[in-house]
Structure formats: C-alpha cells, structure tokens
C-alpha cells in the first residue's frame, strides 16, 4: 500500500483552511475458527480509508472515504467544506480553541513471535487439538476454538507537517465449552476468549492457551451440577478477568469527559461524576489507584499518540482513592477547562475521534492471592464476566460471572453457578478491602467497547490484580 | 452503485479458474452524520464507504475475504486479484467443509426506492430553530444505502433505500429527559413540530420533583421503545436454530419444559414489512414472514445456510438474528393506557439489558428517560432510575395483562460500522408484578 502516494495526492488538493488533518487507516485481519471439529471458513480482511478534518474560523467538520484516488479526495473535501459552513453557524464550541498536534513520531507494537512464523495448517491443527480437549463428555453440547489476528497501520498528517505513523499488532485467542443437562445450560470460556492483546503469538501463553482447554470443559461440566450462588451480603473476590469489566463500567465510562460534558446523553449516557468532584472526591478506599497507562507492553490500547496526535503518557486518574483527572482528550480539556489525558480515539477511518478509554488499569497492592482468600470469612470468588448492566449515569450496576467458588473461613470451597452481584459505583469502590500484589496482576482488555453517535466499537485495555470487596449484595439464578 | 457493482462482479467472474464458485456481497452507503449537544452541532461530517465480501468455494472447501472498494475499476480489481490469490493459497490447506450451503437456483431481484431525502444542511437549520431554548442532544443520520449480491452462477440481487434517522433526547435537568425519534424517507416539518410540541408538554411533568420507589413488584406499562429493549434480548440467541439445537437459547424452557407465554404473544420475523434486503448473503431468498412464537408457544427458528445444512432445515436468513421483528397486538387501546395502568409506572424506555439467568430467561436492566409514576391514571412525577430483574416468562406470560392494539414501527438508529437496516413493529404492554431490585 503506497501511503505516501495517497498523502502526496491529497496535499496537491488540500483546501486553503486554517488547519487540515488526514488520518489514513489500513486494517489487515485473519480469523480462524474450529467448531465441533469442523474448520469454519477462514476470513481475510483488507480495508483502508481516509478521514479528513477541516478547521476554518470557528467551524470544524469531517468527511471520510474508502476511495483513495484523486476523485475520492475531491469528494471528501467538498463534503467536509459543506459541513464546515453549518458548523461555523451552529457549532457547540469554537474550533479556534482546538489544540493541534505538537510533534511527529512513530510507534510499533512489540512482536516476538510473528503470526506468519506458524503455518495455517499448524494453527488449524492446534485449534483441532483444542476441540478434542473440549469435547470430554456427552454433556458438552457445543465447543469451539478461535485464533485471530489484526494489524492496523495508522498515519496522521497535518497542514503543519506533522507526520505520525503507528502500527498495531493484535491477537485474539480463546475457546469455549457449553455443557447441558435438561433445562440447565452453562458456558465456560478460556484461553483469552473475548479478550485480546497487542503483540504476536507469544501472547498466547499469558492466557494459558491452549493448556487450559480441558479444564475449561471440566469447569463447564462442574457448573451444570453445581448449586446456585447463594443470596446474601458477602465479601466478593474478583479475579482480573472480572475486574476488567468492573473497572470498565464503573470507573472508565463515568470518567469520560465527553459524557460529563453531555455529548453522550442520547445514547451511551451521562455520568454521576461532575466536573466539581475532581481533586477531592473520595471515589474509593485508599487502596484504589487507577492509571491511564498507554505504555504497558502488550495491553490492547498501548500507543504513543492518540488519533488526534496528542502525545500519550501515564497519568493517575485516581490516587489513594481520590479522584484526580478525567478521561478527557485535548479538545474536551479545552471545553471543560481542565487537564486530562491523550484519549481522542476513533474505531476506524470512517468515524471521528471522541473521548475513549484506552489502557485503564488498577495498580497492584501488597496481598498474595492466598492472603486475599485467607482474609475472607464468608464470601464468593467470581471469574470471567458473562452479564453486564449499568445505568446511564454509570452508577447502579449488576454484573454476572461464568464461574463462582464459595469462600468459607479463609479457604476456597465448592463451585456455584450463576454468580451475580449488584451495587452502586459511588459506594462500591469505597468497600475495596484488599488489593492483590503483582503476582495476581493480569492484563486483559475488550475489543468491544461501544459508544458514540455515529456508533463506534473500539478496543480498550484493562489490567488489574485480584481484589476483595466487602458487604456486596450477591445472588444466583433460579 | 448498482452499475458499478454489476460491472465489477462480471470482471471478477472472468478471473474464475476451474470449478471455482464466487459469491459477492456488496454494502455501500453515503451518509451524513450530525451530532448535536445543547441544540448545537458537536460534530458534523460525511462518510462514503463501499464494502465487498468475497466467498470462494472450490468443491467442498470455502474461504472468505473482505475489502473496501474505491469505486475505481483499476484499483479495485488490483485489490481483488491480490485477495483472490491469497484465498486460493489458503484454500488448498483447508479440510473439506460439510456445511457449505449456497443457493444454486437463479433468483434475480431488484428493489429500488425513489430518493426523496431532504438537504441535510437545511434540515439541521429547521431542527435547531424548532427546538430553540431546548436542551436537545442526539444524532442526525441520512443518505443512501445499498446491498447487492452476485454469484458466478449468474444470480444478481440489488436493494437500495434512502432514509434518514433523527434520534434525540430533550433534557430538563440531570438525567430527566424525553427520548424521541423521527425516521423515514421524506421530511415533514409539521411532523417534527408535533413531536417537539409533545416534548415541551412532557417536560412540564419532568420538572416536578422526582420520586424514588423501593425495590419490589409494581404494575407497569412498557411503551414500545421499552419493549424493543426486551425483545432485542430475546433476539440475542433466542431464535437461532444453532442456539436451539445446542441448547443455548434463552428460550430453553420453551423447548425442554414446554414453557409457554401468554396466548396473546405471537412474534414474527416480518421481512415483507421491514427494510432489509429480501435475499441472504448466500443467495437464498428470504420468506416474507417467519412465525417464531405463535399464541405463546415456540414455533420456528431462524435458519442460516450453515445451520440449514448441519441440521437439515430450509434456509430463511443470513445470520440467525431477526431484523424485522413484529409482535402481535392485543386489546388495549392507546387512549386507555394510563386509565388501565391506574397506579403504577409508565416506562418509556429501558436501558442496558442483559441476562441475569439465561436459563430462566431472566433479564436485568434499567429504566431511563421519561419514566413516570402514575396514580389513578394521572402522571404524578418522574421516577428516579430503577433496576429491574425479571423473567420474560412473567413479563410476557402470567403477569401480562394486555398488549396495545396499536404498534410502533421503530427503525433502528444503530450505526456500528454502517447504518442499520433493522426495524421492529411493537405494541406496548401492561404488566403486573414487574420486579425492581435496586
């Protein structure tokens, strides 16, 4: 792909405006899946397009196309200019205040074991082997394994001669087993199912892929015969696979500055957090330390620049339980007149940037996993999210997990199914009682964070140790 | 778009070697998107995108690829040739696939629609002026959409529509707001005026002090927009043949334990009245209607080509997900809703639903927007948001009092990757003992 030719072509047509930026995004992906021992049709994808932003006076507008020819660029220039006029008249804020990128640079995901180092046949053989490990019993009624990769090249050029190029390599592994007995069906996932990481095939080991395949199926079988999770107010031990979701929904979304500014009120919602709370609000116990960390190797949203070209650095958003900074990009920072982070992101070339989570992590504490268990008199351990629901202000939540274990008198006890819990963000984090140490710290993330109008689904990273919460309303199924 | 796709497909079919079969699926759109906040433009822009999916079949082997078209024959054919060669390299390493299933009958179709769309810049002027002094937030999306199918066996299908979807909320304070939508094909300023006038009236109720209710069971009326959230949960694995045969459907009790819903509940995939293409991605034609639940009992499944082959059933969809759902109506006239509700909660919208116990089809979610506490048939005050956790077998079963006679045709405002073509026709529902938990 001749990116420089596209850029040169565009520059020859660039309109005379105060500022323009052109973001070109090229995606290459390959998806492999084996279900019930049958290789599903593999899927290749190669897409590319350009997103143009224009600023003139008080107005700004965008236009995007998959036509990277001279005619295609003319077409988006005309359409961006068309919307620029309306924006000048009816704009929410003056585009003159939008900060522009300050430096050029590049980024490349570290890859130790490239996708191409293993042949297609070898990959499919491995997925077949996993299928055999999953089908351990007639009660396993469905089973599948997947291994996908994606490479994204982004280029940002501006009228001020800023040039930023970033290349991201992602890997999406995982498998699931479904067990049934009568009207009771239970699903258990493993090997990174539903998550993803930056890097190459070397990342599989961190998800115990493929070693955990058989235990995944065994746990699905155990769940169908297990009792329902008890209904009570108990201590709750969340493994990092569920902490990911807890952080995402009840810290990440409420701290998005564009939500706080009201942009999302018609769709994703608003926030119980208001601008006046930053700097003093007690979000959680003093054990709660939340960082925006774009530099953690292998986490999904590691980068050097956001999609508007702002340099990205690690920042504490919550320190010792006190709320410090929002997830607000350079544009939102100007609107809100407060400091933020480099989190202007777009899911692809066909959508504009907005405030997103990127890597949002809970920093490790000092408790070993056995310490966490030992400190619980009566509680439940929960692993791997399967249900998520939270109100539009990101306050009242209810989450469910695939797998639960009772904890009695400081020791793990029996398996329970349909473990659910509910709470209120504004008070839940204040009951954070213990935080696991670096040995319990795991890097997770989701490729499926939805937000924005027009809608965008984007990849975000969440790394966390295991954590214990007290006085949680816990319950099971029927 | 149609001419270009037809010409491109012919050029591609000339590249076929030996016993290769190629299926092509085209999805294109020209879209204007204008995001509004505080009744001003937050972000305005335009997107032109053209996606092409290619399926290559050789004997009992199949592989797929996707690319984005420029609209320029030379550059697109260069891309296509590169991808086809990659697919050919890949396919020789694949084992036989027993579930390949494509239509081999030739069924050409063409659905064209007159483009009556307004100038979106003028509409935005209209909207901003009509809603002066209101705190409006939302999205305008409009433009042409096209879907096409062609295969090397000689079939060609084309489907276009030109629509707008204006989806917005008007806020009174905090989270107290009324949610509205106006979607269609031809702009009518008077209809917008009516909508905004209704919103201004409703805001007078929202300015009253909100009340909080205790967890417990309440009589509720679920407006069609709220019903859409619940029905879309059923659509998440509820109707697919694969989900039924692998016992993963949330309607498992209807299959294994002969659980039924209220006899008034009949649910269809009504393609004929929807806006989706009448053809599938494997070239099969969809039936006009599929009866999913009939008089409270489970009836037919959505059947994709792969499931159709695996379980020996006739294909009726592309993916096992309904896109034009219709729920039959009942006997409750819309003018009598508040009177019949008497004392309870008028739920305008639900939000962020999910299964809390999939086997019991138990769903949790939140109330949102203009949900009102009603006493003796009169709206008294807005309700602070509440979490519900309730089984669909109660909501549409024992606790269902009645469904409205009237339906609302809801065009999905979703735009993940591309603008949605899904829609639904739903009544409202009067329900007893609806369980709130937090």
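Chains as they are written, first to last, in my numbering: chain A, 1383 to 1860; chain B, 3 to 440. Ideal placement from N, C-alpha and C gives every residue a C-beta, glycine not left out. Model, not experiment: these values are computed from the prediction.
Enumerate in chain order the residues of its own chain whose CB-to-CB distance from residue 37 of chain B is below 6 Å, with the five nearest sequence positions on each side excluded. Along the second chain, one-based indexing puts residue 37 of chain B at 35. Closer than 6 Å at Cβ, skipping near neighbours: 44, 45, 141.
Quick one: which residues of the region 159-192 of chain B get their C-beta closer than 9 Å to a C-beta of chain A? List them in chain order. 169, 170, 171, 173, 176, 177, 179, 181
Going along chain B, which residues have a C-beta under 9 Å from residue 1861 of chain A? Only positions 1383 to 1860 of chain A appear in the structure, and residue 1861 of chain A is not among them; the question remains open.
Compute the Euclidean distance between the alpha carbons of residue 1665 of chain A and residue 1621 of chain A, then round it to the nearest angstrom. Translated into positions along the first chain, residue 1665 of chain A becomes position 283. Translated into positions along the first chain, residue 1621 of chain A becomes position 239. Roughly 21 Å between the two C-alpha positions.
Give the single residue among B:266, B:351, B:358 whose Cα lies nearest to the Cα of residue 406 of chain B. By one-based count along the second chain, residue 406 of chain B stands at place 404. Among B:266, B:351, B:358, the Cα nearest to that of residue 406 of chain B is on B:266.
Can you confirm whether residue 1778 of chain A, when its beta carbon is compared against all beta carbons of chain B, has any partner nearer than 8 Å? Here residue 1778 of chain A refers to the residue found at position 396 of the first chain. So, interface residue.
Closest by CA to residue 1745 of chain A, which one among A:1561, A:1625, A:1656? Start at 1 with the first residue of the first chain, and residue 1745 of chain A comes out as number 363. Considering only alpha carbons, the answer is A:1625.
Assign residue 1795 of chain A to buried or exposed, taking buried as 16 or more other Cβ atoms, counted over all protein chains shown, within 10 Å of its Cβ. Counting from one through the first chain, the residue named residue 1795 of chain A turns up at place 413. Sixteen is the threshold: since fewer than 16 other Cβ atoms of the shown chains lie within 10 Å of the Cβ of residue 1795 of chain A, the residue is exposed.
Any chance you could list the beta strand (DSSP E) runs of at least 3 consecutive residues sitting entirely within the region 1531-1596 of chain A, in chain order? 1545-1563, 1566-1572
Cβ neighbour criterion (16 or more within 10 Å) applied to residue 274 of chain B: Indexing the second chain from 1 puts residue 274 of chain B at position 272. Result: exposed.
Buried or exposed for residue 1490 of chain A, please, with buried defined as at least 16 other CB atoms from any protein chain shown within 10 angstroms of its CB. As a working note, residue 1490 of chain A is residue 108 in the first chain. Result: exposed.
Closest Cβ-Cβ distance between residue 357 of chain B and chain A: below 8 Å? Position 355 of the second chain, counted from the start, is the residue given in the question as residue 357 of chain B. Yes, because at least one Cβ of chain A sits closer than 8 Å to the Cβ of residue 357 of chain B.
Considering only the beta carbon of each residue, do residue 254 of chain B and residue 305 of chain B sit closer than 8 Å? Numbered from 1 along the second chain, position 252 holds the residue referred to as residue 254 of chain B. Numbered from 1 along the second chain, position 303 holds the residue referred to as residue 305 of chain B. Going by C-beta atoms, residue 254 of chain B is not nearer than 8 Å to residue 305 of chain B.
Out of B:373, B:369, B:235, B:352, which has the shortest C-alpha to C-alpha gap to residue 324 of chain B? Position 322 of the second chain, counted from the first residue, corresponds to residue 324 of chain B. The shortest Cα separation from residue 324 of chain B among B:373, B:369, B:235, B:352 belongs to B:235.
May I have the straight-line CA-CA distance separating residue 188 of chain B from residue 331 of chain B, to the nearest angstrom? On the second chain, position 186 is the one that residue 188 of chain B refers to. On the second chain, position 329 is the one that residue 331 of chain B refers to. C-alpha separation (whole angstroms): 27 Å.
Contact check, residue 1711 of chain A vs residue 1581 of chain A, beta carbons under 8 Å: Position 329 of the first chain, counted from the start, is the residue given in the question as residue 1711 of chain A. Position 199 of the first chain, counted from the start, is the residue given in the question as residue 1581 of chain A. Result no, Cβ atoms of residue 1711 of chain A and residue 1581 of chain A do not sit closer than 8 Å.
Spatial distance of residue 263 of chain B from residue 271 of chain B (CA atoms): Counting from one through the second chain, the residue named residue 263 of chain B turns up at place 261. Counting from one through the second chain, the residue named residue 271 of chain B turns up at place 269. C-alpha separation (whole angstroms): 18 Å.
According to the Cβ coordinates, are residue 1793 of chain A and residue 1755 of chain A closer than 8 Å? Translated into positions along the first chain, residue 1793 of chain A becomes position 411. Translated into positions along the first chain, residue 1755 of chain A becomes position 373. The answer is yes: Cβ separation under 8 Å.
Rounded separation between residue 1702 of chain A and residue 1815 of chain A - CA only: For the purposes of this step, residue 1702 of chain A is taken as residue 320 along the first chain, with counting starting at 1. For the purposes of this step, residue 1815 of chain A is taken as residue 433 along the first chain, with counting starting at 1. Taking the straight line from one Cα to the other gives about 13 Å.
With DSSP as the reference, identify every bridge partner of residue 160 of chain B, one or two as the case may be. Translated into positions along the second chain, residue 160 of chain B becomes position 158. Checking the DSSP bridge columns, you'll see residue 160 of chain B partnered with B:112, B:150.
Let me make sure I understand the geometry here. Which of A:1628, A:1776, A:1389 has the alpha-carbon closest to that of residue 1642 of chain A? For this step, residue 1642 of chain A is matched to residue 260 along the first chain. Taking only the C-alpha atoms, the option nearest residue 1642 of chain A is A:1776.
Cβ-based neighbour list, residue 79 of chain B, same chain, cut-off 7 Å, excluding 5 preceding and 5 following: As a first step, residue 79 of chain B must be located in the second chain, where it is residue number 77. Answer for residue 79 of chain B: 13, listed in chain order.
Could you give the DSSP three-state label for residue 1500 of chain A: helix, strand or coil? For the purposes of this step, residue 1500 of chain A is identified with residue 118 of the first chain, where counting begins at 1. Three-state result, residue 1500 of chain A: coil.
Limits of the unbroken alpha helix (DSSP H) element including residue 1465 of chain A: Within the first chain, the letter at position 83 stands for residue 1465 of chain A. Taken as a continuous stretch (DSSP letters only), the alpha helix (DSSP H) holding residue 1465 of chain A covers 1452-1472.
Helix, strand or coil for residue 353 of chain B, going by three-state DSSP, please let me know. Reading the second chain from its first residue, position 351 is the one you call residue 353 of chain B. Strand at residue 353 of chain B.
Quick one: is residue 1455 of chain A near chain B, going by C-beta distance under 8 Å? For the purposes of this step, residue 1455 of chain A is taken as the residue at position 73 of the first chain. For residue 1455 of chain A, the closest Cβ of chain B is not nearer than 8 Å.
Residues in its own chain within less than 6 Å of residue 1428 of chain A by CB, not counting five upstream and five downstream? Residue numbering aside, residue 1428 of chain A sits at position 46 when the first chain is read from its first letter. The answer, listed in chain order, is 1410.
Residue 1393 of chain A to residue 1541 of chain A, Cα distance in whole Å? As a position in the first chain, residue 1393 of chain A is number 11, starting the count at 1. As a position in the first chain, residue 1541 of chain A is number 159, starting the count at 1. Cα to Cα, residue 1393 of chain A sits roughly 9 Å from residue 1541 of chain A.
Which one or two residues does DSSP pair with residue 1401 of chain A in a beta bridge? The sequence position of residue 1401 of chain A within the first chain is 19, counting from 1. Residue 1401 of chain A pairs with A:1437.
From the DSSP output, read off the bridge partner residues of residue 1752 of chain A. By 1-based counting over the first chain, the position of residue 1752 of chain A is 370. For residue 1752 of chain A, DSSP records no beta bridge to any residue.
Quick one: what's got a C-beta closer than 6 Å to residue 154 of chain B's C-beta in the same chain, skipping five residues either side? As a first step, residue 154 of chain B must be located in the second chain, where it is residue number 152. So the list reads 15, 18, 23, 24, once near-sequence residues are dropped.
Mind checking who residue 51 of chain B pairs with in its DSSP beta bridge? One-based indexing of the second chain puts residue 51 of chain B at position 49. Residue 51 of chain B pairs with B:31.
Using only the alpha-carbon positions, how far apart do residue 1757 of chain A and residue 1789 of chain A sit? Counting from 1 along the first chain, the entry for residue 1757 of chain A is found at position 375. Counting from 1 along the first chain, the entry for residue 1789 of chain A is found at position 407. Near 10 Å, if we compare the C-alpha coordinates of residue 1789 of chain A and residue 1757 of chain A.
With a threshold of 6 Å on Cβ separation, who are the neighbours of residue 1857 of chain A within its own chain once the five nearest residues in sequence on each side are excluded? In the first chain, the residue the question calls residue 1857 of chain A occupies position 475. Excluding positions up to five away in sequence, the list reads 1613, 1802.
Start and end of the alpha helix (DSSP H) containing residue 1862 of chain A? Nothing can be reported for residue 1862 of chain A, as the shown portion of chain A is limited to 1383 through 1860.
Identity of the residue in B:90, B:395, B:75, B:74 nearest residue 298 of chain B by Cα: To locate residue 298 of chain B, count along the second chain from 1; it is residue 296. Comparing Cα-Cα distances from residue 298 of chain B to each of B:90, B:395, B:75, B:74, the minimum goes to B:395.
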